[in-house]
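Presented below is the structure to which this report refers.
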Amino acid sequence: MTLLVSVFAAIICTAIWYKTAPKSEMKVGLLCWLFWGSSLMWLVDAIFEYAELGAAYFTPEPADMLNDLFLGLSVVALGMIIWIIVLLIKDPKGVIKGKLFRKKS
Amino acid sequence: MACFLVPMTEAIVMTVVQKVAEKKEGTKAVRVTSEDGCKMEKMPFSKKLGWLNKLLWGGSALLAFEHLWHGEVVPFFPFLTAAKEGPEAVSEMLGEMGTVGVSMAALITAVWVVMLIVSKALEKKALKLQTAE
Numbered sequence: 000m001t002l003l004v005s006v007f008a009a010i011i012c013t014a015i016w017y018k019t020a021p022k023s024e025m026k027v028g029l030l031c032w033l034f035w036g037s038s039l040m041w042l043v044d045a046i047f048e049y050a051e052l053g054a055a056y057f058t059p060e061p062a063d064m065l066n067d068l069f070l071g072l073s074v075v076a077l078g079m080i081i082w083i084i085v086l087l088i089k090d091p092k093g094v095i096k097g098k099l100f101r102k103k104s
Numbered sequence: 000m001a002c003f004l005v006p007m008t009e010a011i012v013m014t015v016v017q018k019v020a021e022k023k024e025g026t027k028a029v030r031v032t033s034e035d036g037c038k039m040e041k042m043p044f045s046k047k048l049g050w051l052n053k054l055l056w057g058g059s060a061l062l063a064f065e066h067l068w069h070g071e072v073v074p075f076f077p078f079l080t081a082a083k084e085g086p087e088a089v090s091e092m093l094g095e096m097g098t099v100g101v102s103m104a105a106l107i108t109a110v111w112v113v114m115l116i117v118s119k120a121l122e123k124k125a126l127k128l129q130t131a132e
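For the record, the sequence lines run as chains D and F. Each residue of the first sequence is one higher than the one before, counting from 0 in numbering that gives the first Met the number 0. Each residue of the second sequence is one higher than the one before, counting from 0 in numbering that gives the first Met the number 0.
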């Protein structure tokens, strides 16, 4: 479930990145790298788990599924927190700079 | 248990390699002309190394959170729960790092190599068009 949530997040972010490219004012590319990187790593985790559990891997207990969903959503939230911090620090549109400094004539 | 440490180690090493590559490349730039006649600069290799680093750092960061979630990593010494549980747990952790962790790093690197091959092919296509003109 965590893998699934991460893959969906990666696909949505990539689609948004492509739509706004070549401009990268919102730094959506960062989210793409975060979610694709974690998706690939969880894919490996899933393959190893499948090798161990077999078909039972696809029929998890509802409690485990809920916990994994909760984890997946938390991971997306963490990814977005990292992204928003980087966006505000890099400030590509100069909004923060504009608020901090006033132009002197 | 701590499989994310393997790709994280690769990320640290490759970030250093990227910084060295950036310094070596300096301001050298290869210019090409696109299909529609626009003059463009070829992407330097250090920037392509950045793709690998972003994948590795991004994945490691989110996986570190997952390990924290499952209690396999703690924010205080000795940081790895297995280290507290004894030698059996440590050997299990090392085994997982050697299998799952190495596979994670290998898959990310393989995906990056595919990205390199595709980008190289696209660059070649653009250069061929340039020489044909």
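Just so it is clear, CB atoms sit at the ideal spot from N, CA and C, and this is done for glycine as well.
DSSP links F/L79 through a beta bridge to F/V72. A check of alpha carbon separations from D/A8 across D/K89, D/G71 and D/I81 identifies D/G71 as the nearest. Residues of chain D with a Cβ closer than 8 angstroms to the Cβ of F/W68 are, in chain order, L70 and S73. Here DSSP, grouped into helix, strand and coil, assigns F/C2 to coil. Look at D/F47: its C-beta is under 8 angstroms from a C-beta on chain F. Of all alpha-carbon atoms in D/W82, D/P59, D/Y56 and D/E51, the one lying nearest the alpha-carbon of F/L61 is that of D/W82. Around the beta carbon of F/M103, a 10 Å sphere encloses 16 or more other beta carbons of the protein chains shown; the residue is thus reported as buried.
Within chain D, not a single residue places a beta-carbon under 7 angstroms from that of F/F44; the smallest gap is close to 18 angstroms.
Between D/M79 and F/G58 the beta-carbon gap is near 16 angstroms, outside 8 angstroms, which marks them as no contact.
Chain-ordered, the chain D residues with CB closer than 9 angstroms to the CB of F/A60 read L33, G36, S37, L77, G78 and I81.
Taking C-beta atoms under 8 angstroms as the contact rule, F/S45 and F/E24 qualify, at a distance of about 6 angstroms. Under a 10 Å Cβ-count criterion, F/K22 is classified as exposed, with fewer than 16 other Cβ atoms of the shown protein chains found around its own Cβ.
By the Cβ rule, the region 10-30 of chain D does not count as touching the region 81-101 of chain F, because fewer than three pairs are nearer than 8 angstroms. Counting other Cβ atoms within 10 Å of its Cβ, F/L48 reaches 16 or more and is therefore classed as buried.
Contact note: D/V43 reaches chain F through V99, S102, M103 and L106, using a C-beta cutoff of 7 angstroms and chain order.
The Cβ atoms of D/S5 and D/S38 lie closer than 8 angstroms to each other.
Inclusion of F/L51 and F/P6 in the CB contact set at 8 angstroms is not warranted, their separation being larger than that value. In the three-state scheme derived from DSSP, where H, G and I count as helix and E and B as strand, D/A20 is classed as coil. Below the 7 angstroms Cβ cutoff, chain D contributes V74 and L77 as neighbours of F/F64, in chain order.
Taking 8 angstroms as the cut-off, the beta carbon of F/C2 is found no closer than this to the beta carbon of F/V110.
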